[in-house]
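K.L.:
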Amino acid sequence: MALILVHPYNLTVLASQSAATAPASNLNVDYPNMVWKSTGTTGAFIEVRLDSSLSWDFIGLVGANLFAADAVRIRSATSQANLTASPAYDQTFNVTGTANSDYNLVYHIPASAKTHRFIRLDFTLSGNPNPHVQAKRLVIGKRLEGDDVDVGADFNIEDTSRISDYRGIQISDPFDAKDSWKFSVGYVKATDYNTKWRNFIKGALGKAVLFIPDTLNNSHNQESVFGRLQGPTNAGLITGDAYKVNLYIREV
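Encoded structure:
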């Protein structure tokens, strides 16, 4: 397994333990400063419902403050009541990759795709110094997998501040620094491009997607980007049945 792209499904928060100023409904929007925070470190949970019974095989939290010793329990079911009474899927996992001290990605890939609309996450913190659980975005969707990112890809930290020249000086309107990737995937079979990549790219334009460049890299939590496709997105024919796909994704 190498790179992963995921377009998040729309969801509705049914129940949660949330601070009044940071509700769990923020997990369904793509604005970076709108986050969910629990009221503490004990009993933190979220229950959501997908808009329809879509197949999903990826669930992740973008901008989470979880550490490597923390655990997340995932349950899914055909009704909200069954999330705790008799879940169809029940799995607990520990945060993987480098210890997460910089509000990065936490995710889980089930062994098989699910179609349950109702999903619950419970959090158990162990040695985490934070006074609450926090995350920017809940990403549940169908993942698109690809081979390795080509050599020469750029992983950038972009200054998005607006700088204007005025009477010989520069005036800065400061904004956040954004992570971004400019990369190519050099061998995508024509059948995969036309049945998977093309539809994914068209559906993602103007919306946010999650990009994980290499799941085998211990720092993939830090290198992942939740952002939008920027500029021209194209594919070039390199053999009679293969394409080279070029993408530029910048953090929202």
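Mapping to my numbering: the sequence shown position 2 is 150, numbers consecutive.
Glycine included, C-beta positions come from ideal geometry on N, C-alpha and C.
#1: DSSP on G211, reduced to helix/strand/coil?
#2: Which value, in whole angstroms, describes the spacing of the CA atoms of P380 and L231?
#3: Just curious, the beta strand (DSSP E) that L292 is in, first and last residue?
#4: What's the C-alpha gap between I360 and R315?
#5: Output yes or no for whether 9 Å exceeds the beta carbon distance between S328 and R398.
#6: Return the CA-CA distance between D296 and D238, expressed in angstroms with no decimal places.
#7: To the nearest angstrom, how far is the alpha carbon of I267 from that of L358?
#8: Does the segment 204–223 come close enough to the segment 164–173 to have 3 or more Cβ pairs within less than 8 Å?
#9: Just to confirm my understanding: we take A167, look at its own chain, exclude 5 residues before and 5 after, and list those with CB closer than 6 Å. What are they?
#10: Give the secondary structure of R223 by DSSP, where H, G and I count as helix, E and B as strand, and everything else as coil.
#11: Tell me the start and end of each unbroken alpha helix (DSSP H) in the segment 313–357 that is at least 4 residues and wholly inside, in chain order.
#12: Let me know if Q165 comes out buried or exposed under the rule of 16 or more other beta-carbons within 10 Å of its beta-carbon.
#13: Identify whether T232 lies in helix, strand or coil by the three-state DSSP scheme.
#14: The beta strand (DSSP E) that contains N382, what's its start and end?
#15: Anyone know if the C-beta pair for V154 and R291 falls short of 9 Å?
#16: When DSSP builds the beta bridges, which residues end up paired with Q282?
#17: Compare the C-alpha of V336 against each of D362, L385 and A352 and name the closest.
#18: Would you kindly check if the distance between the Cβ of G211 and the Cβ of L433 is under 9 Å?
#19: Taking the continuous beta strand (DSSP E) assigned at H256, which residues delimit it?
#20: Which class does A163 belong to by DSSP, given the choice of helix, strand or coil?
#21: Roughly how many whole angstroms lie between the Cα atoms of I409 and I317?
#22: Would you report the Cα separation of K392 and S260, rounded to the nearest angstrom?
#23: Rounded to whole angstroms, what is the Cα-Cα separation between N365 and D298?
#24: How is A93 classed by DSSP in three states: helix, strand or coil?
P.N.:
If we stick to the structure as given:
#1: strand
#2: 43 Å
#3: R291 to G294 is the span of the beta strand (DSSP E), which, as asked, contains L292.
#4: 44 Å
#5: The answer is yes: Cβ separation under 9 Å.
#6: So the two alpha carbons sit approximately 31 Å from each other.
#7: 19 Å
#8: no
#9: Closer than 6 Å at Cβ, skipping near neighbours: K185 and T187.
#10: strand
#11: 346–352
#12: buried
#13: Of the three classes helix, strand and coil, the one that applies to T232 here is helix, per DSSP.
#14: Boundaries of the beta strand (DSSP E) harbouring N382: N382 to T387, taken from the DSSP string.
#15: yes
#16: In the DSSP assignment, the residues bridged to Q282 are K185.
#17: L385
#18: The first residue shown for the chain is 149 and the last is 400, placing residue 433 beyond what the model contains.
#19: N252 to H256
#20: strand
#21: Residue 409 cannot be examined here, being either before or after the span of the chain that is shown, 149 to 400.
#22: 29 Å
#23: D298 has its alpha-carbon roughly 15 Å from the corresponding atom of N365.
#24: Absent from the model: residue 93. The displayed extent of the chain is 149 to 400, so no value can be given.
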